[in-house]
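In the working numbering, the protein residues as written are 2 to 158. Ideal Cβ placement from N, Cα and C applies to all residues, glycine included. Data block below; observations after.
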């Protein structure tokens with residue numbers, strides 16, 4: 002990606018293990034106008050059993066589930082590994098869905114991984130405004146976590 006606009010936030014947001022439908026949102030506001038031509042997302046979070054987690058990115062009326070309970074349906078309960086420190090990129094060769102290391106981070110970059118739903122749905126939207134990342138911990142077993150940082154990397158014109 003040439004000359005991208007990169008915006009990051011370090012919210013130290015608690016990811017509650019309250020079960021499905023309890024959302025944990027974080028927002029990045031982009032103050033610059035331009036038309037999106039490519040998007041990558043970086044996620045750094047501490048959480049046991051990352052197979053519990055869904056990450057949904059929304060902006061300008063577009064919403065994409067970019068990480069959807071890694072390891073499901075390969076295993077009923079998903080990836081049992083801990084922590085995510087990874088970049089999601091549509092051009093990546095490996096899908097994030099199939100990644101699960103026994104060593105932390107369970108999902109770590111490099112390399113980058115292809116998201117569950119491609120980020121190219123944001124192409125053509127205006128990059129200015131709020132980019133929302135919502136985290137849903139789909140299992141209420143009390144395994145809370147923390148979103149340390151996330152970034153959007155946007156190619157634009």
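Pair within 8 Å by beta-carbon distance, residue i and residue j
i	j	result
residue 107	residue 66	no
residue 155	residue 37	yes
residue 84	residue 105	yes
residue 25	residue 14	yes
residue 16	residue 145	yes
residue 91	residue 121	yes
residue 54	residue 136	yes
residue 157	residue 43	no
Exposure label - residue i; buried when at least 16 CB within 10 Å
i	result
residue 32	exposed
residue 11	exposed
residue 143	exposed
residue 131	exposed
residue 116	buried
residue 87	buried
Rounded Cβ spacing between residue i and residue j (contact assumed at less than 8 Å)
i	j	result
residue 1	residue 40	In the structure as shown, the chain starts at 2 and stops at 158, and residue 1 therefore has no counterpart that could be examined.
residue 46	residue 152	That pair is no contact at about 12 Å.
residue 134	residue 56	6 Å
Beta-carbon proximity list for residue i, same chain, < 8 Å, skipping 5 on both sides
i	result
residue 127	34, 35, 36, 37 and 61
7 Å Cβ shell around residue i - same chain, five flanking residues per side excluded
i	result
residue 79	52, 53, 70, 71, 72 and 73
Worksheet entry | Complete runs of the beta strand (DSSP E) confined to the stretch 83-121 [at least 3 residues] | 85-90
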